[in-house]
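Engineer: Taking the numbering used here, the leading residue of the sequence shown gets 2, the next gets one more, and so forth.
The C-beta atom is built at its ideal place from N, Cα and C for all residues, glycine as well.
These figures come from a predicted structure and were not determined experimentally.
Have a look at this one.
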Amino acid sequence: MENNTTKLNRRIGYLLVVGMGAKFFIDTSNQLFNPYLLVYAGGLGVSGLTMGHLVSLRNLSGLSAPLIGSLADRIGYRRVMQLCLLALAGGVLLLASGLGPVVFIPAMLLWGLGQGGFTPTVHSYLSSRLPYRRRSRYLGMLEYSWALAGIFGLFLIGLLIEVYGWRAPLYLLGAGALISALAVSTLPLSPDATRKVPPRAVAKRPALRGFFDLGKHRASAWGAAAVNVFNFFAL
2 MENNTTKLNR RIGYLLVVGM GAKFFIDTSN QLFNPYLLVY AGGLGVSGLT MGHLVSLRNL
62 SGLSAPLIGS LADRIGYRRV MQLCLLALAG GVLLLASGLG PVVFIPAMLL WGLGQGGFTP
122 TVHSYLSSRL PYRRRSRYLG MLEYSWALAG IFGLFLIGLL IEVYGWRAPL YLLGAGALIS
182 ALAVSTLPLS PDATRKVPPR AVAKRPALRG FFDLGKHRAS AWGAAAVNVF NFFAL
């Protein structure tokens, strides 16, 4: 019994370490422009106002998160987590490439897709693997990554900018996202990804209506979504 408990704790620990490591790079990239927006505006050769518009475009592409979540429900959480990390890496490295204004919009769109799609997918993945009675505790521990990104991630970025210039943090974030994608590939598949869906298991309601139908707990789900909107607006 004790041996089984030890194995379970090790498995959970590995899931959390990989999840927190990947999410650290996601959250650091999310907070990057809060203190350093004007630094990157100068590096890219645009005004602070234009840089703000580009950041808004990045955040706007995060509205695709429900669609990415729907894709994850169909093809598996682990695969979509990897795709999101690759999208983030592509976006930040494209922005650091120095190819000029032609890459600004595609870079920000890729960045936002990866950033916006990863967090709900990693939460769904871990929820499918963690013990039910301790799920909230472990998901709360996963969110240490947000605090660590604000404390250590932004501090490190400031040092890199001072010593090596504005591109260095982007290279670091891109490399971190790529390494995280490799680490995620070592995680076990989620249960839903190994389950075969019957050919006739197709929703009878229209696709758009079915997409927004959150089931019997829809009131709680929409309430949580509304709270998150105000929470992120405050951030």
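Note the first and the last residue of the continuous alpha helix (DSSP H) segment covering W167.
Structural biologist: Per DSSP, W167 belongs to no alpha helix (DSSP H) and is neither H nor E.
Engineer: Is there contact here, the stretch 57 to 77 with the stretch 109 to 123, by at least three beta-carbon pairs under 8 Å?
Structural biologist: Between the stretch 57 to 77 and the stretch 109 to 123, the count of C-beta pairs closer than 8 Å reaches three or more; the two stretches touch.
Engineer: With DSSP as the reference, label V47 as helix, strand or coil.
Structural biologist: coil
Engineer: If you measure between the beta carbons of T161 and L173, is that distance less than 8 Å?
Structural biologist: The displayed chain sequence assigns Leu, not Thr, to residue 161. Yes, these two residues count as a Cβ contact at 8 Å.
Engineer: Report yes or no: do three or more beta-carbon pairs, one from the stretch 104 to 116 and one from the stretch 21 to 35, lie closer than 8 Å?
Structural biologist: yes
Engineer: Roughly how many angstroms lie between the CA atoms of S137 and W147, to the nearest whole one?
Structural biologist: Distance between S137 and W147, taken at the CA atoms: about 16 Å.
Engineer: State the start and end residues of the unbroken alpha helix (DSSP H) segment that holds V81.
Structural biologist: 78 to 97
Engineer: Tell me which residues share the same chain as G151 and place their Cβ nearer than 7 Å to its Cβ, disregarding the 5 neighbours each side in the sequence.
Structural biologist: Q32, listed in sequence order.
Engineer: State yes or no: is the C-beta of Y133 nearer than 7 Å to some heavy atom of the ligand PLP?
Structural biologist: Ligands in the displayed structure: none, and consequently the ligand PLP is not present.
Engineer: Could you tell me which of A184, R75, A97 sits nearest to G46, measuring between CA atoms?
Structural biologist: Out of A184, R75, A97, A97 has the C-alpha closest to the C-alpha of G46.
Engineer: What first and last residue would you give for the alpha helix (DSSP H) that runs through S186?
Structural biologist: Element bounds for S186: n/a, residue is neither H nor E.
Engineer: Restricting to Cα atoms, I'd like to know which of I27, L55, L9 is closest to E144.
Structural biologist: I27
Engineer: Could you say which of L9, Y126, G14 lies nearest to Q83 if we only look at CA atoms?
Structural biologist: Y126
Engineer: Measure from the alpha carbon of N60 to the alpha carbon of each residue in L111, I180, M21, then state which is nearest.
Structural biologist: L111
Engineer: Kindly indicate the opening and closing residues of the alpha helix (DSSP H) around V123.
Structural biologist: 105 to 130
Engineer: Alpha carbon to alpha carbon, how far is M21 from L100?
Structural biologist: About 32 Å.
Engineer: Would you call the CB atoms of L86 and V185 closer than 8 Å?
Structural biologist: yes
Engineer: May I ask which residues mark the beginning and end of the alpha helix (DSSP H) holding Y145?
Structural biologist: 145 to 149
Engineer: Quick one, are the C-beta atoms of A23 and S181 less than 8 Å apart?
Structural biologist: yes
Engineer: With a floor of 4 residues, list each alpha helix (DSSP H) that falls wholly inside the stretch 7 to 55, ordered by position along the chain.
Structural biologist: 34 to 45
Engineer: In the structure shown, what three-state DSSP assignment does L157 receive?
Structural biologist: helix
Engineer: Does DSSP classify L100 as helix, strand or coil?
Structural biologist: coil
Engineer: Cα separation between Y273 and P189?
Structural biologist: Any answer about residue 273 is impossible in this case: the structure gives the chain only from 2 up to 236.
Engineer: For H124 and R168, what's the separation of their Cα atoms in angstroms?
Structural biologist: Straight through space, the alpha carbons of R168 and H124 are spaced by roughly 30 Å.
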